[in-house]
Every structure is written in structure tokens, then in C-alpha cells.
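The next block holds one structure in the form of C-alpha cells; read it before the comments.
Chains as they are written, first to last, in the numbering used here: chain V, 21 to 612; chain W, 23 to 516.
Here is the structure:
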């Protein structure tokens with residue numbers, strides 16, 4: 021097949037293909053994964069300290085995660101995050117290109133194939149960047165090996181560098197061994213090739229054995245598989261596909277080269293390959309959009325990000341985009357509703373199902389304490405906020421969010437010595453030392469806290485009379501501080517969502533002491549419901565129910581009465597107009 | 023070749039000259055240092071203490087700002103060595119430290135700390151420490167764990183050579199799927215007789231005796247659950263365990279965090295030879311919570327804590343007294359119960375009784391209520407004279423929690439855990455027990471990096487002194503983990 025472009029033009033086309041791919045990948049991460057990248061940054065705490073480094077040296081394979089966390093710290097800047105990921109993926113592609121070229125194939129297109137797997141993997145928040153670093157190290161090692169023609173020097177390089185590779189990337193080095201064994205047999209094709217291959221094989225098996233027996237304390241099988249099979253990967257098949265793909269192509273090239281006896285086979289740049297490139301990019305785009313990219317998770321991480329930055333309207337905006345029901349989404353939505361002063365008016369605008377959206381249930385895992393502690397801090401239940409932050413720090417590992425929360429809660433509680441411990445750790449980071457500096461000032465001079473609005477407000481609500489609560493402690497918090505408006509609104513929401521109208525009615529009087537000017541709409545609806553049920557006037561003194569609410573109630577009843585007692589029909593009929601009312605929830609929504 | 027040698031010799035001469043001139047200029051300046059008449063602040067606080075003759079170097083940070091720091095170590099007025107620093111970190115090389123321990127054994131040694139300030143060298147009040155001829159048991163075994171609430175990450179049981187900074191794991195949960203492990207215990211400070219529990223997938227009590235390791239399932243249908251808090255009878259053939267139903271709740275006020283309490287608890291005794299468990303109504307009554315067994319050094323008495331069984335709702339009224347029951351190791355028969363100290367009457371509660379090796383004293387923690395003293399900031403160490411039944415609040419206590427404690431095999435040293443450093447993370451402190459029942463000022467376990475405790479986010483849990491290295495490591499235990507547990511039998515109440 022003849023090339024239809026001249027040499028310089030085909031080179032240009034290659035560069036164009038690479039350039040366009042690079043830009044597309046960068047834009048994909050920049051525009052579609054920014055919140056997921058922010059989240060990744062929140063789950064690590066890269067520290068410039070020897071003890072932090074030391075913690076990654078106890079087990080072969082951990083150092084790739086050290087390097088991975090080094091990169092992840094920059095994800096705090098959206099642009100840098102996308103750029104680093106694109107660079108890492110490009111580097112894998114570049115190395116595979118160089119490796120294949122060395123083995124005997126010149127094809128930009130084939131070298132771009134790993135990018136699809138890597139983009140898919142990096143689209144998942146559970147994938148650890150360290151694994152990509154590991155792949156890069158392996159490919160670099162193999163490429164270096166193939167570069168050395170001199171036998172003795174090659175063997176020395178192979179054995180010594182493999183030891184280093186094994187220590188840094190663990191079992192990924194064994195993957196590298198397959199490349200060099202194949203290289204010895206098929207690429208160098210020397211007389212001693214088989215012997216060298218056997219020596220490399222024995223060496224690759226023996227070193228982990230010696231390591232696990234005498235040097236490292238790790239489970240026996242981990243010596244040969246950690247960080248494989250795919251520790252930190254939730255898209256295991258994709259990772260398997262990636263490493264098999266890299267190896268199979270390499271093997272095929274070597275076999276092809278050996279039997280065709282041709283040094284370099286160049287995939288021509290012609291009509292067919294151009295079409296193939298376009299088809300591949302289009303297919304990759306479709307695959308990534310529908311299989312790799314998870315828009316729902318991205319929305320949630322967006323909400324999580326805006327909760328951290330206190331941009332509550334943006335939280336609600338993203339919540340409205342979310343299709344379906346998700347407890348975490350609802351949890352943040354309800355928090356944002358309170359924060360924007362809409363909880364009493366708009367809680368039923370969102371798909372409430374019982375009280376699960378008010379609080380995350382405690383679980384000894386990485387997720388529950390990480391996200392679930394947020395509510396306690398805003399409720400001014402400081403001990404619980406401290407507890408959940410601590411649990412999160414332990415379960416998820418050191419992370420900036422938990423440490424900052426621990427600093428704040430300990431400062432609020434007046435436990436400065438404990439706060440200092442966490443400030444010391446934040447001091448060792450690139451992006452949080454300034455934050456730490458501010459709060460260290462409070463430790464050195466606690467009177468400065470009196471000028472910090474947030475901490476002063478939190479201290480105002482500190483609990484003085486001890487209690488033990490298994491949930492949000494709303495009743496106790498209100499008992500301690502009747503002016504805790506959030507505790508009140510969450511308590512009323514709990515009553516409404518539990519359909520506990522008796523307690524709802526019994527606590528409506530608090531509106532006055534909390535300084536409400538008017539009754540929130542959802543409360544009005546619930547009050548009308550209660551009054552009809554209990555057959556008495558429950559409107560607190562000094563308040564009145566809006567006429568519009570009464571009119572809507574009449575209309576609601578009228579529509580229901582047209583359904584002749586058919587509950588399902590009634591629900592369908594009133595939903596479009598009254599689906600966001602307390603009436604609809606109380607009548608028709610299943611709490612579970 | 024010759025040229026290179028000549029070059030090296032010249033270079034060495036210059037270096038020596040430079041070093042000598044530096045020392046002289048430094049000494050000259052220091053000798054003229056102005057005496058501030060103040061105590062220097064060092065961390066950890068290693069001033070005015072008594073140390074054993076086999077402890078690792080006491081490294082510390084001088085918490086004062088200066089451009090140069092000098093610590094001059096002397097004994098009988100003679101300088102032994104000096105350590106200079108530009109950062110304020112005083113790290114004594116092990117060789118020099120051992121020399122000091124040898125020269126100053128049974129004597130006092132002094133440290134003059136001089137700081138170079140813009141106005142010249144200044145000197146603080148001399149620190150005087152004493153080196154006791156009473157040596158400390160060679161190893162300290164502890165669990166390292168986050169002082170968390172319900173979650174844990176990496177944890178393990180470690181042994182630290184107290185004469186150096188060497189720390190080795192006995193077991194780490196990275197070898198056992200991240201499970202919890204706890205309650206390591208030794209018989210009379212012997213590293214040859216040890217046990218600890220593992221939970222979850224690899225659950226069981228791992229009992230190590232004279233080179234043999236057994237995995238036991240101590241849960242029986244007739245007991246509340248598996249063994250929890252252990253105590254080895256000095257005969258090495260019996261282990262008393264508490265068996266508890268434990269719940270924990272969380273406080274809402276700043277000063278308190280967690281409440282760990284028993285809803286049921288009894289004491290059982292395990293016979294190592296027969297794999298049998300037995301108990302007595304006196305130590306396993308439904309009307310009371312019995313816990314924290316502790317054998318007397320002669321093995322004929324079992325001390326334990328006991329409280330009136332109260333609903334968890336009234337947890338503030340659960341208060342433990344100290345009791346003793348006699349025991350015949352030959353017949354496995356219990357005798358009469360003796361009330362040793364009624365803490366509940368005084369509105370207090372006792373936990374972790376430990377009898378001194380001479381059998382004269384019982385040390386315990388006392389707090390306002392409950393038994394999980396680590397989460398009680400008011401928990402202090404007390405010493406009870408068994409003969410007079412009088413108790414004494416120890417001078418080694420702090421404003422923060424003092425909790426778990428172990429006597430050394432000689433009874434001359436004590437290690438205890440305390441939260442005095444930062445109110446949360448437990449650290450092991452040592453103190454010398456002196457004639458008359460008093461203790462010297464405690465000092466924290468020395469670390470190579472004196473700033474270690476500031477960064478370290480794990481607690482030293484259950485510090486136990488042992489005479490020699492425990493010949494166990496995670497590989498040996500991981501191998502045993504795969505084996506099936508030996509099921510112990512409950513035989514009867516005695």
C-alpha cells in the first residue's frame with residue numbers, strides 16, 4: 021500500500037494527530053473531570069517530609085503511589101490537574117511509540133491505543149495515578165534495556181535496574197520482566213538469549229521471595245502481585261486490557277520482525293490509515309463518553325467541591341441537574357437548602373425519601389465519615405464533627421479536609437495542643453501552609469479567635485451540658501441553644517420526612533423565638549395538614565398562613581376528590597402541580 | 023599516587039586545624055557566656071529526672087531561639103562530651119551516651135545548655151539528672167494505633183529495644199487484612215510467655231510459650247464471649263481473662279469524647295495445659311461487672327475490679343471497687359473474696375490493678391466512673407499499700423489522662439501511658455520507684471528524632487516491659503494465622 025502523502029506531509033499529519041489528541045485529552049479532563057480531580061486532591065496529603073516519604077518505603081510497590089500523590093497535590097488547580105494527567109497519558113503513549121519503534125513498528129496510531137485505556141482509568145476517582153507512574157517506569161526500563169546492545173552491560177543494567185524497579189513499582193516490575201525476557205529471545209536473538217531469559221525469570225521470582233522472607237513484612241502473595249492485581253483500580257478489566265495490549269502488540273512486533281526479517285515496519289500514512297485514525301478517535305470518544313465518563317459522579321463531586329467553598333447556590337444548581345435519587349446528593353442538597361434559607365420553603369422540590377437525606381448513616385468505611393461529618397460542623401455539634409473528621413483521617417488516610425476540620429474543631433473546643441499537631445502536618449504541604457499559618461496564630465494567641473466570625477459563632481453554640489446521641493442530636497442541641505436555627509430546621513425536616521406531624525405541630529412555636537418573620541411555605545402546608553388532622557388551630561401567635569397557601573390546599577383537595585378514592589390515580593393527578601408540597605409527601609411518598 | 027596522598031594529608035591537617043580553631047573560639051565564647059539564671063525549656067523534658075543505666079540517648083530540642091546551641095555534659099565536674107547544634111536539636115551519639123552512662127552510673131550528671139544570641143553566648147541553669155544502677159527491662163512492647171473512635175488504619179504490636187532506638191514489629195495488621203489486634207500480655211515480664219488477641223477474619227488468641235505458638239478460640243457457649251483483658255499467673259499455666267460485652271458512645275462536651283463501657287462482664291481462667299476454661303460465681307456474677315484480672319506475684323491471689331451491674335443509661339454510676347480472690351494453682355479452686363478497696367463509696371472507680379513484683383503494692387488507675395480510663399482525663403495513678411490498705415495519689419500524675427501501667431521485673435521501674443504531652447496521643451513514660459513508695463519525675467520514651475512525638479499520629483497503647491526480645495515477628499504469626507484455632511472447653515464453675 022503506497023503512501024498518498026509525501027514524507028514531510030505525513031510527518032506533519034502524525035504531529036497533527038498527536039497534537040489534536042493531546043488537546044482533546046487535556047480538554048476532556050479540564051472540562052469534564054474538574055470536580056473529580058478536585059476530589060482526588062482532597063483524598064491525599066503530600067508532605068515534604070522524611071517521615072512521609074519513609075511511610076512509602078516499607079513495602080515494594082508503594083513508592084509509585086508516593087510519586088502519584090506528588091502529582092495529585094497539584095490537582096487543586098484545575099488546569100494543572102488536567103495538564104498533568106494529559107502529560108502522563110502522553111508519556112505512556114510516547115514510550116510505547118519508542119518501544120514499538122525499537123522493536124520494529126513505526127505507527128503513531130498503535131501507540132495512541134493505550135491512551136483510551138488510560139483516559140478510561142483516569143476518569144474514575146478510584147483509580148490511583150501511581151499505577152500510571154508504574155507503567156511509565158516499566159516502559160522506560162524496558163526501552164532502556166532494548167537500547168543496550170552490549171550483552172554484559174545490558175545484563176548488569178537489567179538486573180540492577182530491575183531491583184530498583186521492583187522496589188519502586190512492586191509487581192509491575194514482573195510485568196517488565198516479561199518484556200525483557202521476550203526481548204532477549206526475540207529481539208536480541210543471541211545464542212545466550214535463552215539462558216539470559218531463564219536467568220531473568222529466576223531472578224524476577226527469587227527477588228520477591230527473598231524480599232518477603234527477609235526484608236519486608238508483607239503478605240506472602242503480595243510480594244508477587246502488589247500493587248497488582250489492581251490495587252486501587254475499580255476498572256480492573258480496563259487495566260488488564262491496558263497491560264495486555266501493551267504486551268501483545270510488543271510481542272506481535274517482535275514475532276513479525278523475527279519472521280519477516282525486517283528491521284522496521286512503517287504503517288503508511290495513506291487514505292486507509294487516515295480513515296482508521298478518524299474512526300479510532302471517534303470510537304474512542306464515544307467509548308469514553310458512554311463507558312468511561314461518569315456524569316453523575318462528576319455532579320456529586322461538583323456539589324462536594326462547592327460545599328467546601330461554601331457556594332451553596334451552585335450546590336443546588338448541580339443538584340437540579342442530577343438525574344435520579346442519590347442519598348449523598350440529597351444530603352448535600354438539604355444542607356445547601358438550609359444554608360440558602362430555603363429549607364422550609366423548598367425541601368420538597370427535591371426527591372425526599374425519609375430522613376436519609378438529612379444525615380449519612382455511620383459506617384466504618386472511607387466514604388461515610390469523609391462526607392458525613394459535614395453536617396455536624398454546620399449544626400455546631402462540634403464533638404461529632406471532630407469525631408467524624410478523625411475517623412475520616414484514619415479511614416481514608418491523611419487528607420487536607422479532615423485535618424483542617426480537626427484543626428478547627430480543636431480550636432473551637434480550646435484544645436490547642438491537639439490542633440498544633442495537625443497544623444504541623446499542614447505546614448509541610450505546598451498548598452495548605454498558608455491556611456495553617458493563619459490558625460497557628462490563633463494557637464499562639466487564642467484571643468485572636470475572638471475576631472474570627474466563624475469560630476466565634478461556633479463557640480457560642482458549644483455544648484455545656486453533656487449528652488449522648490446516636491443521631492444528629494437535634495433535640496439536645498436545641499435544648500442547649502434554642503437559637504440554633506439549623507438544629508430547628510433539621511428537626512422540623514426530620515418530623516416532616518418521618519411524617520411525625522404530632523411533633524412537628526408541637527415545635528412550630530419555636531418560629532417566634534428563632535425570629536422568623538413568616539411561616540416557611542412547606543411548614544404552612546404541613547400546618548394546614550395538621551390542623552385538619554387535629555382539628556384545632558396550630559398557627560403560632562403573631563403568624564398567619566398565606567391566602568395563596570390556603571387556596572392551593574383547596575385546589576389540591578379538589579383535584580384529589582375528583583379521583584374517587586383511587587390513591588394511585590390521585591397521586592398521578594396532583595403530582596405535576598403539587599409534587600413539591602408537604603401535602604403530597606405526607607399523602608403519597610413512601611419514606612423508605 | 024603520592025601526590026594524591028600528600029594532597030589528602032594536607033587537606034586533613036587543614037580540617038583538623040579548622041576544627042580545633044572552631045572549638046577554641048567556641049569554647050572561648052562559651053566560657054564567657056552570661057548566666058541567665060533561668061531554666062531552659064527543652065522538649066521532651068529530660069531535666070531533673072532519674073534514668074536507668076541502660077536507656078537509649080535522651081535527645082531533645084531546645085525551645086529557645088539562637089544561632090548556635092551547645093550542650094555540655096559533665097560528671098563530677100568533669101566534661102564528658104559536648105554536643106553542638108545550629109537547629110536546637112541535641113542528638114547524642116550512642117557511643118558518647120554509653121560512655122556517659124558508664125562514667126556516671128549511680129551518680130548525677132549535669133548538662134549545661136548554652137545558646138549563642140546576638141549579644142553573645144548565654145547559659146541557662148544547669149540540668150542535673152541521676153543515673154540509677156537499677157536497670158530497666160530491655161524491651162518495651164506496645165501497640166501503635168490511632169487514638170480513634172471506631173475506625174483504625176494500620177496498627178501493630180511492636181517491641182522497642184530500650185537501650186537503642188531499634189523498633190521491630192511483633193505483628194502488623196498489614197499482614198492480616200487490616201484487622202484489629204489487642205491486649206498483648208506477658209508472664210512476669212518474660213518475652214517467652216506472651217499472648218495477644220486478633221479480631222475479625224484471623225480472630226483468636228495467639229498464645230506463645232517457650233517457642234511454641236498456639237491459636238486459640240476462647241469463645242464458648244457458656245461464657246459471654248472470647249477472652250479480653252488478660253493476666254498471666256506467674257506459674258505460666260493459667261491465664262485469667264475478663265470476658266466483656268462492650269459498647270461505646272460519644273460525649274458532646276469538649277472535655278470528654280468517648281465512653282466505653284461494659285454491659286456485661288465476668289472473669290474466666292484458662293488452663294494453658296488442658297485448654298480448659300473455668301470460672302467461679304464469685305468472679306462471674308450476673309449482679310456485678312467483674313473485669314481487669316491481675317495475679318499476685320505468688321500466683322495465689324487474683325485481684326480484679328468489680329462494679330454493681332447498672333444499666334448503660336446510668337453509666338456515670340458504674341463504679342468499680344478492688345477485690346481479691348484466693349486461688350489454688352494445683353487444684354484450680356477459688357477461695358474467698360476479699361474487698362481490698364471500696365472506691366465506689368468515695369465516688370471513684372478503679373481500673374487496671376497491677377501488683378508490684380514484691381507483692382506489697384497494687385497500682386491502679388482511678389477515675390470518676392467507668393473502667394476505660396484512657397478516655398477519662400481525670401484518671402490518675404494510685405498506689406495501694408496492701409498491708410495498710412491505704413492509697414496514695416502519685417506525684418507522677420498530670421492534668422491529663424494517666425492510664426495503663428506496668429512494673430518492671432525488678433519492681434524498681436514503672437512504665438505508664440499518659441496524654442500529658444498533647445491531651446490526645448498516649449505516650450509511654452518511665453519513673454523510678456524509690457524506697458518509701460515514691461516515684462521520681464517521669465520521662466518519656468526517648469526517640470532518635472526529638473521532634474518525633476510532635477508529628478507522630480499514633481498512640482502507644484498498653485506499654486509492657488519485657489526482659490528480652492520477643493522471638494516473634496509478623497511472618498511467624500501470619501503463618502500461624504492460616505491454621506485452625508484450638509477450641510477451648512468450658513468445664514464448669516469452680
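Glycine is no exception: its CB is placed at the ideal position from the N, C-alpha and C atoms.
### Query
In chain order, what residues of the stretch 433-466 of chain V put their CB closer than 8 Å to some CB of chain W?
433, 434, 435, 437, 438, 440, 441, 444, 445
### Message
With a threshold of 8 Å between beta-carbons, can residue 278/W be considered close to chain V, or not?
### Response
yes
### Message
Cutting at 8 Å between CB atoms, please list the residues of its own chain near residue 460/W, excluding the five before and the five after it.
### Response
Closer than 8 Å at Cβ, skipping near neighbours: 417.
### Query
What residues of chain V sit near residue 203/W, judged by a beta carbon separation below 9 Å?
The contacting residues do not exist; residue 203/W stays about 14 Å from chain V at best.
### Message
Between the alpha carbons of residue 492/W and residue 180/W, how many angstroms are there, rounded?
### Response
10 Å
### Message
Am I right that residue 79/W and residue 468/W are in contact with their C-beta atoms under 8 Å? What's the rounded C-beta distance?
### Response
6 Å
### Message
I need the straight-line Cα distance from residue 595/V to residue 608/V, nearest angstrom please.
### Response
Put simply, the backbone Cα of residue 595/V is about 10 Å away from that of residue 608/V.
### Interface partners of residue 488/V on chain W, CB under 8 Å
271, 272, 273, 274, 281
### Task
Please determine if the stretch 516-530 of chain V and the stretch 379-390 of chain V are in contact, where contact requires at least 3 C-beta pairs separated by less than 8 Å.
no
### Message
Please tell me whether residue 286/W and residue 246/W are closer than 8 Å, where the distance is taken between their beta carbons.
### Response
In this structure, the beta-carbon distance from residue 286/W to residue 246/W falls below 8 Å.
#### Entry: Three-state secondary structure (DSSP) of residue 403/V
helix
### Query
How is residue 181/V classed by DSSP in three states: helix, strand or coil?
helix
### Backbone secondary structure at residue 45/W - three-state DSSP
Here residue 45/W scores only 44 on pLDDT, less than 50, and its place in the model is too uncertain to base an answer on.
### Which listed residue (407/W, 327/W, 304/W) has its alpha carbon closest to that of residue 356/W
That would be 304/W, whose Cα lies nearest to the Cα of residue 356/W.
### Selection of the stretch 381-406 of chain V by Cβ proximity to chain W, strictly under 9 Å
382, 384, 385, 389, 401, 402, 403, 404, 406
### Query
So which residues on chain W does residue 484/V lean against when the C-beta distance must stay under 8 Å?
275
### Message
So if DSSP puts residue 359/W in a beta bridge, which residue, or which two residues, is it bridged to?
### Response
347/W
### Message
Buried or exposed for residue 312/V, going by 16 or more other Cβ atoms inside 10 Å?
### Response
buried
### Query
How far does the alpha helix (DSSP H) with residue 178/W in it reach, from first residue to last?
Careful: residue 178/W lies outside any alpha helix (DSSP H), inside the beta strand (DSSP E) at 178-183.
### Task
Could you tell me which chain W residues have their CB closer than 9 Å to the CB of residue 239/V, listed as they occur along the chain?
Simply 196, 197, 198, 199, 500.
### chain V contact for residue 349/W (CB, 8 Å cutoff)
With its beta carbon at least 8 Å from every one in chain V, residue 349/W lies outside the interface.
### Task
Return the bridge partner residues of residue 487/W from the DSSP annotation.
162/W
### Task
Let me know if residue 330/V comes out buried or exposed under the rule of 16 or more other beta-carbons within 10 Å of its beta-carbon.
With fewer than 16 other beta carbons inside 10 angstroms of its own, residue 330/V counts as exposed.
### Task
Report the option in 66/V, 112/V, 113/V, 103/V whose CA atom is closest to the CA atom of residue 93/V.
66/V
### Task
Determine the chain W residues that contact residue 191/V at a beta-carbon separation under 9 Å, and present them in chain order.
In chain order: nothing, as chain W lies at least about 16 Å away.
### Task
Could you say if the stretch 107-117 of chain W and the stretch 164-180 of chain W meet the contact criterion of at least three C-beta pairs nearer than 8 Å?
No, because fewer than three Cβ pairs between the stretch 107-117 of chain W and the stretch 164-180 of chain W fall closer than 8 Å, the two stretches do not touch.
#### Entry: Delimiting residues of the alpha helix (DSSP H) encompassing residue 381/W
No alpha helix (DSSP H) holds residue 381/W; DSSP gives it neither H nor E.
### Query
Closest by CA to residue 204/W, which one among 258/W, 194/W, 185/W, 341/W?
Residue 204/W has its Cα closest to that of 194/W, out of 258/W, 194/W, 185/W, 341/W.
### Task
Determine the DSSP secondary structure at residue 557/V, reduced to helix, strand or coil.
coil
#### Entry: Those residues which DSSP pairs with residue 204/W across a bridge
Answer is 219/W.
### Task
Could you pull out every residue in the same chain whose Cβ sits closer than 7 Å to the Cβ of residue 369/V, ignoring the five residues on either side in sequence?
600
### Message
Looking at residue 52/W: is its Cβ nearer than 8 Å to the Cβ of residue 86/W?
### Response
no
#### Entry: Positions along the stretch 170-185 of chain W whose CB lies within less than 7 Å of some CB in chain V
170, 171, 172, 173, 174, 175
### Task
Please list the partners that residue 496/V has in chain C, where partner means a Cβ-to-Cβ separation under 9 Å.
Looking for chain C here will not work: the only protein chains present are V and W.
### Task
Identify whether residue 572/V lies in helix, strand or coil by the three-state DSSP scheme.
It is helical.
#### Entry: Continuous beta strand (DSSP E) stretch holding residue 335/W: start and end
Here residue 335/W belongs to no beta strand (DSSP E), and DSSP marks it neither H nor E.
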